[in-house]
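**Student:**
Number of protein chains: 2
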Amino acid sequence: MSGPPSLKRELRLPIARRSPVSESVRVSGIAALDRATRPRSVAIVGGSADPSRIAGRPVKFLRRGRFTGEAYLVNPNTPVVEGFTSVASVEELPHPPEVAFVATGARAAVGAVKELSAIGTPVAIVLASGYAETGAEGVALQQALLDAAGPMRIVGPNTLGVINLSDGVYLSASDALETPGLESGRIGVASQSGGIMASLLSRAAGAGVGFSKLFATGNEADIEVSDCVEYFAEDEETSVVALYLETLRDPDRFLAAALHAARRGKRLVCYKVGRSVAGALAATSHTGALAGSDRVFDAFFERAGILRVTRFSELLEVPAALATNKTMPGRRIGILTTTGGAGTLVADALGALGFELPQPSAAVVERLTAVLPDIELDLAHNPIDLTLAGIREEVMVPVIETLIANDDFDAIVVVVGASGVAQPRLVADPLIACAARPGAKPIFAYVSPHIPEVLARLNREGVPAFEAPEACAAALDALVEARATLPATREIAPDPLVATRGRLLREDEAKGLLASYGIASPRRAVAETPEAASVVAGALDAPLVVKVLAEGIAHKSDVGGVALGVSSGDVRSVAATIVARVREAVPSVVLTGILVEEMCSGTEMILGMVRDPALGQTILLGSGGIAAELLGDTALALPPLSHDEARALIGRLRLAPLLEGARGLPPKDVDALAAVIVAFSRFVIDQGGTLIEAEINPLVVLEPGAGVFAVDALVRVEASN
Amino acid sequence: MSGPPSLKRELRLPIARRSPVSESVRVSGIAALDRATRPRSVAIVGGSADPSRIAGRPVKFLRRGRFTGEAYLVNPNTPVVEGFTSVASVEELPHPPEVAFVATGARAAVGAVKELSAIGTPVAIVLASGYAETGAEGVALQQALLDAAGPMRIVGPNTLGVINLSDGVYLSASDALETPGLESGRIGVASQSGGIMASLLSRAAGAGVGFSKLFATGNEADIEVSDCVEYFAEDEETSVVALYLETLRDPDRFLAAALHAARRGKRLVCYKVGRSVAGALAATSHTGALAGSDRVFDAFFERAGILRVTRFSELLEVPAALATNKTMPGRRIGILTTTGGAGTLVADALGALGFELPQPSAAVVERLTAVLPDIELDLAHNPIDLTLAGIREEVMVPVIETLIANDDFDAIVVVVGASGVAQPRLVADPLIACAARPGAKPIFAYVSPHIPEVLARLNREGVPAFEAPEACAAALDALVEARATLPATREIAPDPLVATRGRLLREDEAKGLLASYGIASPRRAVAETPEAASVVAGALDAPLVVKVLAEGIAHKSDVGGVALGVSSGDVRSVAATIVARVREAVPSVVLTGILVEEMCSGTEMILGMVRDPALGQTILLGSGGIAAELLGDTALALPPLSHDEARALIGRLRLAPLLEGARGLPPKDVDALAAVIVAFSRFVIDQGGTLIEAEINPLVVLEPGAGVFAVDALVRVEASN
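Protein chains in written order, with our numbering: chain A, 1 to 721; chain B, 722 to 1442.
#1: Per DSSP, which residues does F444(A) bridge with? Please list them.
#2: Quick one: what does DSSP say R683(B) is sitting in, helix, strand or coil?
#3: Below 8 Å on the Cβ atoms is my contact criterion, and I expect V1142(B) with D175(A) to pass it. Report the Cβ-Cβ distance as a whole number of Å.
#4: Near A1044(B), what residues of its chain come up, given a Cβ to Cβ distance below 7 Å and the 5 sequence neighbours on each side ignored?
#5: Taking V113(A) and A148(A) to be in contact with their CB atoms under 8 Å, please state how far apart those CB atoms are, rounded to whole angstroms.
#6: Classify P666(A) as buried or exposed, calling it buried when 16 or more other Cβ atoms lie within 10 Å of its own Cβ.
#7: Kindly indicate which residue of A533(A), D250(A), G330(A) has the alpha-carbon position closest to the one of I223(A).
#8: Rounded to whole angstroms, what's the CA-CA distance from G986(B) to Y952(B)? Just pull it up for me.
#9: Should P1159(B) be labelled buried (16 or more other beta-carbon atoms within 10 Å of its own) or exposed?
#10: Assign E234(A) to one of two classes, buried (16 or more other C-beta atoms within 10 Å of its C-beta) or exposed (fewer than that).
#11: Show which residues of chain A have a CB atom less than 7 Å away from the CB atom of V994(B).
#12: Determine the extent of the beta strand (DSSP E) in which F709(A) is found, giving its start and end residues.
#13: In terms of DSSP beta bridges, what is I696(A) paired with?
#14: Name the DSSP beta bridge partners of N164(A), please?
#15: Can we count V1017(B) as close to the ligand FMN, meaning its CB is less than 7 Å from some heavy atom?
#16: Would the beta-carbon of A321(A) fall within 8 Å of that of A475(A)?
#17: On the criterion of 16 or more Cβ atoms from any shown chain inside 10 Å, does T842(B) qualify as buried, or is it exposed?
#18: Find the nearest neighbour of E703(A) within the set K668(A), P522(A), I677(A), judged by alpha-carbon distance.
#19: Say whether chain A places a C-beta atom closer than 8 Å to the C-beta of P1387(B).
#20: Run down chain B in chain order and give the residues with a C-beta less than 8 Å from the C-beta of D250(A).
#21: Between the beta-carbon of K934(B) and the beta-carbon of L966(B), is there less than 8 Å?
#22: Alpha carbons only, please: which of L479(A), A478(A), V415(A), A440(A) is nearest the one belonging to L455(A)?
#23: Would E1191(B) pass as an interface residue toward chain A - the criterion being a Cβ-Cβ separation below 8 Å?
#24: From which residue to which residue does the beta strand (DSSP E) around F101(A) run?
#25: Return the chain-ordered list of same chain residues with a C-beta closer than 8 Å to the C-beta of A1236(B), the five sequence neighbours on each side being excluded.
#26: Reducing DSSP to helix, strand and coil, say where A493(A) ends up.
#27: From what residue to what residue does the beta strand (DSSP E) around K668(A) run?
#28: Closer than 8 Å by C-beta to E91(A): which residues in its own chain qualify, once you throw out the five before and the five after it? Chain order, please.
#29: Establish whether the CB of G1062(B) and some CB of chain C are separated by less than 8 Å.
#30: Taking G188(A) as part of the beta strand (DSSP E), name the residues at either end of that continuous run.
#31: Quick one, which of Y793(B), G877(B), G804(B), G768(B) has its alpha-carbon nearest A824(B)'s?
#32: What runs of the alpha helix (DSSP H), each 4 residues or longer, lie entirely inside the stretch 209-271 of chain A?
#33: Using a Cβ-Cβ cutoff of 7 Å, what residues of the stretch 1350-1361 of chain B are near chain A? List them in chain order.
#34: Quick one: residues in its chain with C-beta nearer than 6 Å to the C-beta of V1307(B), no 5 flanking neighbours on either side, listed in chain order?
#35: Report all residues from its chain with a CB closer than 6 Å to the CB of V820(B); omit the five preceding and five following residues, and keep chain order.
#36: What did DSSP end up calling T1313(B) once you bin it into helix, strand or coil?
So, in structure tokens, the structure goes:
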């Protein structure tokens, strides 16, 4: 994606030169959000003069900010509010406002939106709830709202609105704007929940973290989170984007927007709910159960270059750290403390995330000793503990300077101890002074006691500060450069939502289809009767496998339809036996043949495609066999996959060492396995939306040079094909 | 353990009737901590009149509290401080103080302690650092301090002291006492770090959580964390104990103290650092590497009935929830919210910990609808979302009442939304009112925006309140009754620290030893030459295994000393071949025999004993085979184990379903496996400290009735035995 240049130009125009939008023009999502954040004129429709009423909040908050344009209050009672021109109806507005905030109830909003659109308003924010989130009737009302909007863009409905902290323009009904200490900063927020936007805004104010713009996207009847990401990609005040997601309405568009934003140097961090949903997807294969809907999202965010955090607090803490715009080439952390226990705590949390805590080099120890000639301290250990004796500015500054000037560490964490309660500037001042030096390494603060004012001040002054040692570690992790690598752009297969039914290919058909992509299966033949099976078996090498083929039966062994290790002479009797077993297990069964195949044993894997309802096709590779399945040794990735990406996918399995030949065991044909994964991913892409599910289980991997064989294959396609 | 009755009596005496301690009497740890927390008289030795100096802090803080006894300042300069009687030296004290706080430097403290002991002071708190924590010289100084103390008990050295919030007596140099809002409450704290004690104290004050007493145990030269646990077991103001641990100096004593406290109804919660240490223990067996030192601590805390938290913040949040003294019979949670997103967030965090969120029953929906006749809401879902329309006291109170009166839920979580910023009492008041009803179910609050005053007020009024949804879930988890079950008392094998060397038993010796405990091995014979091996093989059933026995070689297959699937006729040539291979691999090898054994295949397990340097013997059970080892499917427990406990240990393996016969596979002899685990744990206990390591790998489990066989066994004992 190369981005929509015309829209960028539109956004980057100085406000004064924006041309009014004519009735029939639909502005882009970016332009709509630009109007909503930096309007020259605003109309609050149904706004109240009473600040205690919900409809009074947007009026109150718009006044409280730094909005200097024209403000209209549209209300038949024409209430008097300072700073607003009151009119009785939309028609009475002297010209179309650049943005309207509709503060009426759900039904009245439909009429207001129709009127606003009619006069050429480019975008309206609709506060009311009672639309699609409430059921069938609400869905119809939301459609009526959209119809009424025509070319006008809608934020919401069911949204708490839009908050521009860069310029002090608040078009929001969120009481979180009452929190003292709101700050502007370089983090943009898009949230699919207004309450969560409010939570982030309020908590950021408490922590001294600043935002650029915040969007609550509500029901996303029109403008949705992808529009916000596209907007932030262009917004010069935003360098990090924090996303709260409950669903993705258009994953392809979201992926493109995210990759575009990343290429423009923005870092994206998301919290996505749904980790807890017992997430087996509707699928016949094991792949669906092994993948789980939420792990598919992990693979998706990885591909999109988005850092997913798993604790809500980190949706604020990690962006705050990234907003310093610092990175780390490695994972070596130096901890400086004046209180032993807290240093240990931070070390423990860092160690749990795989950071290294190297001892300071002899050069650093020497310099530290020179700085502290009068104090007897053991400075050769990390954490470096200055004890209470070291809490003096004339000690702290040269010590921190020494640590950041040397190459021993990639980042420094400084502990603020309980002395900070009585003397809050004692550690904070040296920290702030050192962090401000140009080119300084990342300096983080762990604040051990409860001194919120110190925490907030450090954050405000560009020193990411944490009350939780685990959060400090997670935020540092986000700064490690390797984490910031952007994945190559990827085409995504077209993804029409498909039914979970369809037609199950017969095993030999499925294997034939896979063979056309170069995925081999053992030599085999199909016969119609046990007698015929015995004849075709003559051309194959024993031991053999005999399977009953039957319509709609995916797991033949569950109904007794598989026999292993059969000698050529026994094929006839064995086939007769298993046919009888299947008939007994499923009396209505329609048999379609008997498959005789050469037996193939080796390291078993599972390779499958699962179609996530939201995200589309995902490739799952797993260690095979029942044991590995119970232990859940699987890895996910989005297709298509290159050979290198397939090797990386293999490497993410915990059993990968076995394939590489660990513990003196013979290595396996990993190259051939990677080639099969690449071929399978190509097969999946080619089949596109017609492929419902596909799974090779087991996929048997032999010794190097001997290849990889699909021993069983399950392919389900759209019935119409 | 039945507890020391004489000490309990001593503690429970009213202070006024305490008899002075004579010079030669050493009081118990409980009595010493009782003196330190509720002294009738205090001497601060080396205390300063200048509150900005560290030695001035204990003087300042003792004055600030509610101490009403006699206070002496011992300082040759006899400074004047209101409320204190100043004397120039310890000898000038009119009588021995019940506790002394020694605020001098490390060397001077030795002299002060000697003088204090000489006049019959029962306990001294020693602030100075520079002792055992600093190296060999410091270790000697600490020993000198102990020698000087004689029968006098020492808290510290290197301690921030003792804080009694129940009675307002502060004998501490911690600046955390400057935090506004310190509260008394029912949580006792023992911390091996003064800085962490300060952190907890300060954070609790911010969160509205109260403590009874706080002990920083410092270097634990004398009084250590076990004494604190014993003290809290008897302290009537304490119902929950929060422990910060870096090490355990006497695990047996700690275990006994913890179990005793639990039997007296106290709940213990600990945070133990060390999770991050790449913790392979020094051991020849795989068991050591699989166990990892920190996982042994998990097993230890489980046995001790202690809830281990893994995030530092939970060391405050979980005890605060437990201090409400409420429990839950099940895991069904009802969430009540007025803001959708935050309700989803809490639901997500609860789901991740396995809580259920059942939909409200028809009866509850009916009653809720009756309470809210004028609002159109869908109340049949959980989270129950009242929307902004429901934020009124006349709605909230009957809604919460309905939820707690019905049996749909075991606990209720109420979300405080952003409206709380502007109107902090709106949701908080109904919550507090309902939680105070006698017998009310647990009611927790999730505070979505940053409103610290609401959070603190809720906690103070007995409604556990959380800013992190994950912490809310973790705290609820601690309230589930099953978690509170106390393990039966257990003897622990004597645990002298043993060297990691010792004598490796020959495999057949080891198997013989295990056989005497009823642990069977396949039939076998040992021969001295390949020819003799061929002869003894005649009495065994093929296929056979041939192994070269050699001194000090634990892993025979690594040196080519094992051959599998050997026919009787091949034993001689195979034996000759593998003997040659071993001689080539280890030219200096001392061969001790050739083992011929019947081959036995089935489900492979690993059963071992690992000796943790701190905690002693631990049993490890794991799924066997290289694959399971790479996937780390293991479980730990402390010996001895009953049959039920052995079954529970098996059930904790992720591969347990395979043993029980999952997926149509034949079940295995789980009863015999449990019996072998019980026998192995008895063997481990019996061998006691002479046993360095023991491992059966593989332990092969056959079908029900066919038993379990130790196919290989490694036993290392003290060389002197």
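Note that beta-carbon positions come from the ideal geometry of N, C-alpha and C, so glycine has one too.
**Tutor:** In terms of the structure at hand:
#1: V413(A)
#2: Residue 683(B) lies beyond the residue range present for chain B, which begins at 722 and ends at 1442; the question has no answer from this structure.
#3: 5 Å
#4: Around A1044(B): G906, R907, I908, S960, V961.
#5: 5 Å
#6: exposed
#7: D250(A)
#8: Here the alpha carbon of G986(B) sits roughly 13 Å from the alpha carbon of Y952(B).
#9: exposed
#10: Buried.
#11: Those are T344, L345, D348, listed as they occur along chain A.
#12: 708-710
#13: Within the DSSP bridge table, the entry for I696(A) names L607(A), A713(A) as partners.
#14: V169(A), K213(A)
#15: Ligands are entirely absent from the displayed structure, and the ligand FMN is therefore not among its contents.
#16: The Cβ atoms of A321(A) and A475(A) lie closer than 8 Å to each other.
#17: buried
#18: K668(A)
#19: no
#20: Ordered by position in chain B, no residue passes the 8 Å Cβ test against D250(A), which lies about 20 Å from the chain.
#21: No, these two residues do not count as a Cβ contact at 8 Å.
#22: Checked all of L479(A), A478(A), V415(A), A440(A); the closest Cα to L455(A) is V415(A).
#23: Chain A contact via Cβ: present.
#24: 99-102
#25: S1242
#26: Low local confidence applies: a pLDDT of 36 at A493(A) is under 50, so the model's placement there is unreliable, and no value is given.
#27: Looking at the DSSP string, K668(A) is not in any beta strand (DSSP E), and its letter there is neither H nor E.
#28: E115, I119
#29: Considering every chain present, this structure includes no chain C. Its protein chains are A and B.
#30: 184-191
#31: G768(B)
#32: Annotation: the stretch 209-271 of chain A contains the following complete segments of the alpha helix (DSSP H) (minimum length 4 residues), in chain order: 225-234, 251-263.
#33: L1351, L1352, D1354
#34: V1280
#35: R756, A757, P760, V763, V844
#36: strand
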